[in-house]
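To convert, note that position 42 of the sequence shown is 42 in the UniProt record's numbering; the numbers rise steadily by one, no gaps.
Built from N, CA and C at the ideal position, the CB exists for glycine as well.
See structure below.
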Amino acid sequence: MFRLIEEDVARRIAEVLATESSAEGEANEEKTEKMDQITAEGEQHKTQLDSLFAQIDDRRRKREIPDFLCGKISCALLQDPVITPSGITYDRADIKQHLHRVGHFDPVTRAPLTEADLIPNLAMKEVLEHFLIENPWAKYEDLLS
1 MFRLIEEDVA
11 RRIAEVLATE
21 SSAEGEANEE
31 KTEKMDQITA
41 EGEQHKTQLD
51 SLFAQIDDRR
61 RKREIPDFLC
71 GKISCALLQD
81 PVITPSGITY
91 DRADIKQHLH
101 RVGHFDPVTR
111 APLTEADLIP
121 NLAMKEVLEH
131 FLIENPWAKY
141 EDLLS
């Protein structure tokens with residue numbers, strides 16, 4: 001892309017140099033001014049392009065879901081975070097499935113646990129919503145893997 005900008009600047013400067021003028025003194029001054037303007041525009045376009053690529057690179061690099069937003073059972077992005085009496089956050093669907101299939105205990109601490117003990121983790125839900133607003137790609141990450 002930078003090469004195209006440089007080629008455009010060179011082409012436009014060549015056009016300015018190719019134009020003939022009757023008054024040599026004024027013509028050289030005008031040509032120099034015009035060439036400086038073209039060069040400045042080219043540099044401005046390069047700076048804008050560089051800035052755009054830097055923003056895109058930052059977004060690409062940040063394509064990771066933080067561990068604290070992933071469920072302890074499925075390792076997938078939390079959808080409906082709940083907290084147990086032991087203080088561990090799980091996704092509601094995952095912990096309910098564990099309680100029905102495996103038994104009525106906390107998978108990490110092995111402490112007795114029922115569905116009634118699950119409390120919505122509103123703080124984690126707010127953090128999750130903010131993360132999804134900033135990183136809309138994360139909603140679809142589970143579909144890709």
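Cβ-based neighbour list, residue i, same chain, cut-off 6 Å, excluding 5 preceding and 5 following
{"i": "I65", "result": "L77 and A138"}
Assigned secondary structure, residue i (DSSP; H/G/I helix, E/B strand, else coil)
{"i": "T89", "result": "strand"}
{"i": "P136", "result": "helix"}
{"i": "I95", "result": "helix"}
{"i": "V16", "result": "helix"}
{"i": "V102", "result": "coil"}
{"i": "V108", "result": "coil"}
{"i": "I83", "result": "strand"}
{"i": "I119", "result": "strand"}
{"i": "E29", "result": "helix"}
{"i": "L49", "result": "helix"}
{"i": "R63", "result": "coil"}
{"i": "M1", "result": "coil"}
Beta-carbon proximity check, residue i vs residue j, cutoff 9 Å
{"i": "P85", "j": "L113", "result": "yes"}
{"i": "I13", "j": "L49", "result": "no"}
{"i": "D106", "j": "I88", "result": "yes"}
{"i": "K72", "j": "V102", "result": "no"}
Residues bridged to residue i (per DSSP)
{"i": "C70", "result": "L77"}
Close-in-space but distant-in-sequence residues of the same chain around residue i (CB under 7 Å, 5 per side omitted)
{"i": "L128", "result": "L69, L78 and P81"}
Beta-carbon proximity list for residue i, same chain, < 8 Å, skipping 5 on both sides
{"i": "E33", "result": "none"}
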